[in-house]
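Numbering (our numbering), first residue to last: 1 to 321.
Accompanying notes for the structure given below.
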Ligand code: A3D
């Protein structure tokens, strides 16, 4: 069986960590593309020169030419500007839409049979635009945001309960912005509801609710918290790790259930938009959407988030994309 190949479009902070993780896990050969001359060549050379030490054996190529991504099984896109302190993800719309349009044209020409994961912000709009320009079927075009937002939520729960994060399961749905929806009712520690554990810890339902509300707020603001601390860019280790989980599920046909920015056709009452939902990921891309029942409050939060995504997509269309 031929070795799989992953093309990374954008060789900045996230792109570099992605290349290193793929190499260390021997997940696939790597082509790292960027418009900056020599930089992707330098990064891939540097990673390759660690291969003897780390004991991995894959091919890495840095390039400034789209033709080198030909034959890629998977494409992961991080091309675009990251946020600076004080910026919202939506502030990146015009600049990153221009970049995404050119990326979609390149992928359409040289890797039209690939499966595509987009990370560039504003995420939901960039996934929508990429699919529209490339014409690659919806099931093979998706966005990474939910795996990261859910991991952030799980991390804060594990800190609060002083419990291994490995035993925490928590999910965040909706758009990748301030309106995202951490699902409190479904958050659990090996099946035990987190709310029950908080009530035991504090012996007081009101206090447990207050602590959970703070964790939900922290999750929504977590990206901005890192931006504020870094001052020169946004999170890059955790977004790369999140996309690797999705890439592994796809390349190894794992049918894992991962929160994914996927195209909805009636699921969750939404038709024709990309939104973060639990999706089964396998060798065909998004194999299916896993629907779950939501109570009135959760439904209204998700509707609010979907409306924010719709507004963003409309803004983008008004700008001519
Ligand atoms: P950065 O380190 O600036 O890397 C972006 C790279 O894109 C740079 O190397 C640029 O040279 C390159 N680039 C610019 N224009 C093009 C083009 N036309 N074609 C190819 N490459 C180009 O940013 P980063 O890696 O930190 O972040 C990348 C993107 O991911 C940003 O838009 C972030 O906002 C976004 N991001 C998303 C998440 C999610 O969870 C969704 C998390 C963190 C960051």
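Even glycine gets a Cβ: it sits at the ideal position worked out from N, Cα and C.
* State the start and end residues of the unbroken beta strand (DSSP E) segment that holds residue 273. => What you label residue 273 is simply residue 273 of the chain shown in a count that begins at 1. Where residue 273 is concerned, the enclosing beta strand (DSSP E) stretches over 271-282.
* Anyone know if the C-beta pair for residue 121 and residue 174 falls short of 8 Å? -> Within the chain shown, residue 121 is the residue found at index 121, counting from 1. Within the chain shown, residue 174 is the residue found at index 174, counting from 1. No, Cβ-Cβ distance for residue 121 and residue 174 is not below 8 Å.
* Please report the residue range of the beta strand (DSSP E) in which residue 61 lies. => Numbered from its first residue, the chain shown carries residue 61 at position 61. Where residue 61 is concerned, the enclosing beta strand (DSSP E) stretches over 60-63.
* Counting only runs that start and end within the segment 141-208, where is the beta strand (DSSP E) found for 3 or more residues in a row? -> 141-143
* To do: Label residue 52 either buried or exposed according to how many other C-beta atoms from any shown protein chain fall within 10 Å of its C-beta, with 16 as the threshold for buried.
  => For the purposes of this step, residue 52 is taken as residue 52 along the chain shown, with counting starting at 1. Here residue 52 is exposed, its C-beta having fewer than 16 other C-beta atoms within 10 Å.
* Asked: Leaving out five residues before and five after residue 298 in sequence, what residues of the same chain have Cβ atoms less than 6 Å from its Cβ?
  -> Numbered from its first residue, the chain shown carries residue 298 at position 298. Cβ within range, chain order: n/a, list empty.
* **Distance, residue 318 Cα to residue 133 Cα** => Residue mapping note: residue 133 aligns to position 133 of the chain shown, counting from 1. Residue mapping note: residue 318 aligns to position 318 of the chain shown, counting from 1. Going from the Cα of residue 133 to the Cα of residue 318 covers about 16 Å.
* **According to DSSP, residues forming a beta bridge with residue 259** => Position 259 of the chain shown, counted from the start, is the residue given in the question as residue 259. Paired residue(s): 278.
* Asked: How about residue 34: is its Cβ closer than 7 Å to a heavy atom in the ligand A3D?
  -> In the chain shown, counting from the first residue as 1, residue 34 sits at position 34. Result yes, Cβ under 7 Å from the ligand A3D.
* Using the beta-carbon count (16 or more within 10 Å), is residue 227 buried or exposed? -> Numbered from 1 along the chain shown, position 227 holds the residue referred to as residue 227. That one is buried.
* **DSSP state of residue 81 mapped onto helix, strand, coil** => Residue mapping note: residue 81 aligns to position 81 of the chain shown, counting from 1. Coil.
* Under a three-way DSSP split, which group does residue 36 fall into? -> Taking the chain shown and counting its residues from 1, one reaches residue 36 at position 36. In this structure, residue 36 counts as coil in the three-state DSSP scheme.
* Asked: Helix, strand or coil for residue 288 per DSSP?
  -> Within the chain shown, numbered from 1, the residue matching residue 288 stands at position 288. Strand.
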